[in-house]
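Note that the protein sequences, when read in sequence, are chains A and B. Counting with numbering that gives the first Met the number 0, you get residues 0 to 189 for the letters of the first sequence. Counting with numbering that gives the first Met the number 0, you get residues 0 to 189 for the letters of the second sequence. First up is the structure itself, then whatever we jot down about it.
2 protein chains.
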Amino acid sequence: MARAGLDKETVIRKAAELANEIGYDKITLKLLAEHLNVQPPSLYNHIKGIEELQKEIMLFGWRQMDQAMTDAAVCVSGYDALEAICRAFCKYATENPGVFNAMLWYNKFESEETQNATKEMFSIIYKAFTMLNISKENSEHLIRTYRGFLEGFALLVNNNAFGNPVSIEKSFEISLRVLIAGTKALEGEK
Amino acid sequence: MARAGLDKETVIRKAAELANEIGYDKITLKLLAEHLNVQPPSLYNHIKGIEELQKEIMLFGWRQMDQAMTDAAVCVSGYDALEAICRAFCKYATENPGVFNAMLWYNKFESEETQNATKEMFSIIYKAFTMLNISKENSEHLIRTYRGFLEGFALLVNNNAFGNPVSIEKSFEISLRVLIAGTKALEGEK
DNA sequence: TGACAAAACTATTCGAATTAGTTATAATGT
DNA sequence: ACATTATAACTAATTCGAATAGTTTTGTCA
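Right, here's the structure in full:
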């Protein structure tokens, strides 16, 4: 029978890879099984079903994003740190469109696991704000501002929503300038 | 045989309604047919299949969004207009979560139709910028900033991604303050 | 070496989308 | 008013993917 030697981690990594290559919503267990040289039912030894697979792709992505953002913030401080974190987010999201797509649906699977996956990560941004003399309350709100922009911008990029030939990189840089200028206006408040 | 008297518009409106009620990804032709008191194959007299239905829900949403944003901008000017447009976006998106979900995937269906659906609409924001002494080039970039934030923020709200009890309305207001303060910093430039 | 758990398999069921082919209804023109 | 025709519904059947049940093989460990 020539055992394939799969485990959960391998299955998820391959699914993530496939998602980036052919698109998140094109993934089927049949296709994934083919790419792992296995029959579809065999996957059930490692995952409960397609829903769990999707959840695992999402968690996998947020773990990697966490890592990328943390890495970006070492040995940097102030607004430079904030910028570096934002760039890391955008880079990961646009280089992994399939996985990022999965990451957007936190709540399709209500669970503490899901909540914690992102809460932990965005505490990095929170930390950056407190270094900048932004009040605790304003930081809570600002995290949402930044999260909103970052997720939305990456989503639009991944969907080719920006039709015209204007440089996307430049748009991102100007967006950062805008956000940071606006953030500075909140320094020391309340 | 008691004809149901459907037409494309009715089918799409009901699908949009259903999407808002039970969630975009829960929609099936079977379910939609039930709600229209019809057998599933009968729907094919009005739509080509589930993909076209999804595209039509998306276009339907963007048309309504266009209307809501335009309405918000009449008889207002300057930064007030910009704010009003943003609030209208957020309001429609969060009050119509199922339809908004469909609206996010422009490019699942590549077509001029799709591109035009949003291009036309965001020209309202563009117009607002030119009134504010923002250069043409910066306006192009700023539209992307605002689109990114608005779509991302609404997406996060709709997915309950904001775990803590901090007021979402207040977060949105502060976000607008930040964006507008940042936008003012670009006035007159280049 | 024998027993057991893990990981693969085959065969089957289920449900949703879709297609083919048919029939009834409503609108149109004479 | 009646014949014609297009439309909009139907039933029946096919396809495809997910999922389950039950079986066989493989590897590990007492």
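Ideal Cβ positions, reconstructed from N, Cα and C, are used throughout, including at glycine.
Quiz item: What is the DSSP secondary structure of residue 109(A), counted as helix, strand or coil?
Solution: coil
Self-check item: First through last residue of the alpha helix (DSSP H) which encompasses residue 34(B)
Solution: Start and end: 28–34.
Quiz item: Just reading off the alpha helix (DSSP H) that residue 104(A) is part of, what are its end residues?
Solution: Careful: residue 104(A) lies outside any alpha helix (DSSP H) and carries neither H nor E.
Practice problem: Closer than 6 Å by C-beta to residue 78(A): which residues in its own chain qualify, once you throw out the five before and the five after it? Chain order, please. | Solution: 179
Quiz item: Just how far apart, CA to CA, sit residue 4(B) and residue 70(B)?
Solution: 32 Å
Practice problem: Kindly say whether residue 181(A), judged by its beta-carbon, lies nearer than 7 Å to any beta-carbon of chain B. | Solution: yes
Quiz item: Between 54(A), 143(A), 135(A) and 181(A), which lies nearest to residue 152(B) when the distance is taken from Cα to Cα?
Solution: 143(A)
Quiz item: Of all the CB atoms in chain A, is at least one closer than 7 Å to the CB of residue 93(B)?
Solution: no
Quiz item: Could you give the residue range of the alpha helix (DSSP H) that holds residue 194(A)?
Solution: For chain A, the structure presents residues 0 to 189; residue 194(A) sits outside this window and is missing.
Quiz item: Just how far apart, CA to CA, sit residue 138(A) and residue 129(A)?
Solution: Distance between the alpha carbons of residue 138(A) and residue 129(A) is about 7 Å.
Exercise. Thinking residue 104(B) and residue 158(A) are a contact (beta carbons under 8 Å), I'd like their distance in whole angstroms, please.
Key: Cβ atoms of residue 104(B) and residue 158(A) come within 8 Å of each other, at about 6 Å.
Quiz item: Looking at the structure shown, is residue 140(A) part of a helix, part of a strand, or coil, going by DSSP?
Solution: It is helical.
Self-check item: chain A within 7 Å of residue 160(B), Cβ atoms only
Solution: yes
Quiz item: What in chain A is Cβ-close to residue 169(B), meaning under 8 Å?
Solution: 140
Self-check item: Cross-chain neighbours of residue 146(A) in chain B, by beta carbon under 9 Å
Solution: 151, 152, 155, 160 and 161
Quiz item: How about residue 114(A): is its C-beta nearer than 7 Å to some C-beta of chain B?
Solution: yes
Quiz item: What is the C-beta distance between residue 146(A) and residue 175(B), in whole angstroms, given that I count them as a contact (C-beta under 8 Å)?
Solution: About 15 Å separates the two Cβ atoms, so there is no contact after all.
Quiz item: Counting pairs of Cβ atoms below 8 Å between the stretch 90–102 of chain B and the stretch 22–40 of chain B, do you hit three or more?
Solution: yes
Quiz item: Taking Cβ positions only, does residue 36(A) come closer than 7 Å to chain B?
Solution: Under the 7 Å criterion on CB atoms, residue 36(A) is classed as non-interfacial with respect to chain B.
Exercise. Determine the DSSP secondary structure at residue 165(A), reduced to helix, strand or coil.
Key: coil
Quiz item: When the Cα atoms are used, what is the spatial distance from residue 89(B) to residue 149(B)?
Solution: 7 Å
Practice problem: Would you tell me roughly how many angstroms separate the C-alpha atoms of residue 102(B) and residue 124(B), rounded to the nearest one? | Solution: 18 Å
Self-check item: Under the three-state DSSP convention, the category residue 158(A) falls into
Solution: Correct three-state label for residue 158(A): coil.
Self-check item: CB-CB length for residue 115(B) against residue 186(B), believed under 8 Å
Solution: Not quite, the Cβ-Cβ distance comes to about 30 Å (not below 8 Å), so this is no contact.
Practice problem: Check whether the Cβ atoms of residue 80(B) and residue 67(B) sit closer than 7 Å, and answer yes or no. | Solution: no
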